[in-house]
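Here the numbering used here is used: the first residue of the sequence shown is 44, the next is one more, and so on.
Yeah, the Cβ is synthetic: ideal placement off N, Cα and C, and Gly gets one too.
Computed from a predicted model, the values in this text were never measured in an experiment.
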Amino acid sequence: MMEFKVKGEIAPVFTPFKQNGDVNLDVIPQCVQLLLKDKSLTGILVNGTSGEGMSMNTAERKATAQAWMPAVKSQKNPSHVMIQVGGTSLPDVLELAKHAESIKADSILCLPDLYMKPRNISELVAYLRVVSKAAPNTPLLYYHIPMFTNVNIHMGQFLRYVRENPGCIPTFVGIKFTSNDLDEGYEALKTGFSVFLGADTLMLSASHLGFDSVIATSLNFYTTQIMDTTKSNSQRQKEQLELISEVKLITKEGCGWVPSMKVAMNLKSTVNYGPVRAPLPALTEKQVTEMKQSLAITEKHLSLKVKM
């Protein structure tokens with residue numbers, strides 16, 4: 044199996060859009076400067092859920108990935124770049140996987156087919172095998188996010204199958220596990236594959252089970268020590284409780300995870316990431332103002348560090 048030793052904290056970056064809805068590639072170098080001045084980040088994930096990859100066409104996704112890559116790799120200490128290629132028709136998924144390899148992405152992440160959903164482990168393996176062959180030199184991870192995909196294949200069982208059948212997915216190295224079911228996550232972790240937690244509010248609990256890696260939206264604007272087991276448990280617990288409170292505050296308006304978190308990013312950042320793209324609903328001006336006021340009050344008392 045392909046070697047993959049990447050672990051730590053990866054930020055799933057937002058895609059900047061102009062007010063007219065076009066991708067704003069020009070500001071991506073500024074985004075990189077802000078994000079990667081925090082040396083705790085291992086890398087970034089491009090075109091994921093937070094990056095609205097599934098709301099862009101193939102040409103836009105390729106252009107966005109191609110803009111992030113040199114901006115990240117030109118840094119003094121280049122970080123890992125993971126590119127999400129799933130969430131569209133299989134021919135486009137394969138084109139995106141080939142493109143990611145051509146621009147030398149460090150790894151690719153892939154959703155299951157969102158319409159012809161895999162019903163069992165064999166079907167998921169078959170799908171990922173095809174994706175793997177399109178990028179034969181790039182580590183592949185599976186994106187497990189059943190709340191959006193409604194694909195509920197048990198990740199412990201899936202990873203055990205892949206472990207017991209070497210070569211069934213030639214470039215496979217692990218998963219992003221975006222689920223609150225930590226029992227299932229622990230079963231996945233025990234297989235020895237890389238498992239990146241995708242749940243911001245469960246980092247402390249997951250770390251106690253042995254998780255050491257996370258891909259979490261809040262890492263775009265907060266620096267935490269929650270996953271760092273060398274730090275005191277009391278400090279880590281304090282930061283986790285604060286992060287849970289902040290996430291509840293940010294998402295309380297009921298407009299969904301990405302629209303709310305992107306507004307929070309705009310409020311905290313010196314770079315304008317712009318609006319979300321349809322079909323995601325934008326927050327109203329009133330909702331944005333209320334969030335701004337609430338964050339200004341709470342952040343004075345946080346031990347979490349705002350990056351910007």
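Beta strand (DSSP E) segment containing residue i, residue limits
i	result
Met125	His123 to Gln127
Ser237	Ser237 to Leu240
Ala249	Where Ala249 is concerned, there is no enclosing beta strand (DSSP E), although the alpha helix (DSSP H) it sits in stretches over Met246 to Leu252.
Leu84	Leu84 to Val89
Glu52	Glu52 to Pro55
Beta-bridge partners of residue i, as assigned by DSSP
i	result
Ser150	Met125
Leu184	Leu152 and Gly217
Phe60	Val66
Thr266	Lys348
Ile258	Ile53
Rounded straight-line distance, which links the Cα of residue j to that of residue i
i	j	result
Val168	Lys335	45 Å
Asn208	Tyr265	40 Å
Val136	Met159	14 Å
Ala321	Ser98	7 Å
Pro161	Val173	13 Å
Pro213	Met45	7 Å
Leu338	Ile269	20 Å
Ala102	Ile126	14 Å
Ser123	Lys48	Residue identity check: residue 123 is His in the sequence provided, not Ser. Answer to the nearest angstrom: the Cα atoms are 11 Å apart.
Asp65	Gly130	20 Å
Asn195	Leu154	12 Å
Trp300	Val306	10 Å
Gly241	Ala110	24 Å
Gly217	Gly317	32 Å
Asp271	Asn315	31 Å
Glu285	Pro134	43 Å
Gln62	Thr267	32 Å
Leu152	Tyr185	6 Å
His251	Thr192	28 Å
Lys350	Lys329	25 Å
Val319	Lys311	16 Å
Pro189	Glu227	12 Å
Pro59	Asn67	5 Å
Asp81	Asp69	21 Å
Met198	Ser150	20 Å
Thr327	Thr107	27 Å
Glu342	Ser277	19 Å
Lys105	Lys50	25 Å
Arg279	Ala259	16 Å
Val38	Glu333	Given that the chain is displayed from residue 44 to residue 351, the structure contains no residue 38 and the question cannot be resolved.
Pro121	Leu79	9 Å
Ser145	Pro55	21 Å
Ala148	Ile53	14 Å
Status (buried if at least 16 other CB within 10 Å, exposed otherwise) for residue i
i	result
Lys219	buried
Thr273	exposed
Asp156	buried
Gly96	buried
Asn42	Outside the displayed range of the chain (44 to 351) lies residue 42, so it cannot be described from this structure.
Asn100	exposed
Leu232	buried
Pro324	exposed
Ser261	buried
Asp243	buried
Ile340	exposed
Asn263	buried
Lys119	exposed
Ser93	buried
First through last residue of the alpha helix (DSSP H) which encompasses residue i
i	result
Gly199	Met198 to Glu207
Pro72	Ile71 to Leu79
Thr337	The identity of residue 337 in the sequence shown is Ser, whereas the question assumes Thr. Ser337 -> alpha helix (DSSP H) spans Glu328 to Thr341.
Asn309	Trp300 to Lys311
Ile212	That residue, Ile212, is in no alpha helix (DSSP H); it is neither H nor E in DSSP.
Pro134	Leu133 to Ser145
Gln109	Thr101 to Lys116
Ala177	Ile164 to Ala177
Asp226	Leu225 to Leu232
Cβ-heavy atom distance, residue i to the ligand ADP, below 7 Å
i	result
Val66	In terms of ligand content, the structure shown is empty, and the ligand ADP therefore cannot be addressed.
Between the segment 133-152 and the segment 175-185, do at least 3 Cβ pairs fall closer than 8 Å?
-> yes
Any chance the segment 199-215 sits against the segment 230-245, with 3 or more Cβ pairs inside 8 Å?
-> yes
Would you check if the segment 277-297 and the segment 85-105 touch, i.e. whether three or more CB-CB distances between them fall below 8 Å?
-> no
Would you check if the segment 111-121 and the segment 68-75 touch, i.e. whether three or more CB-CB distances between them fall below 8 Å?
-> yes
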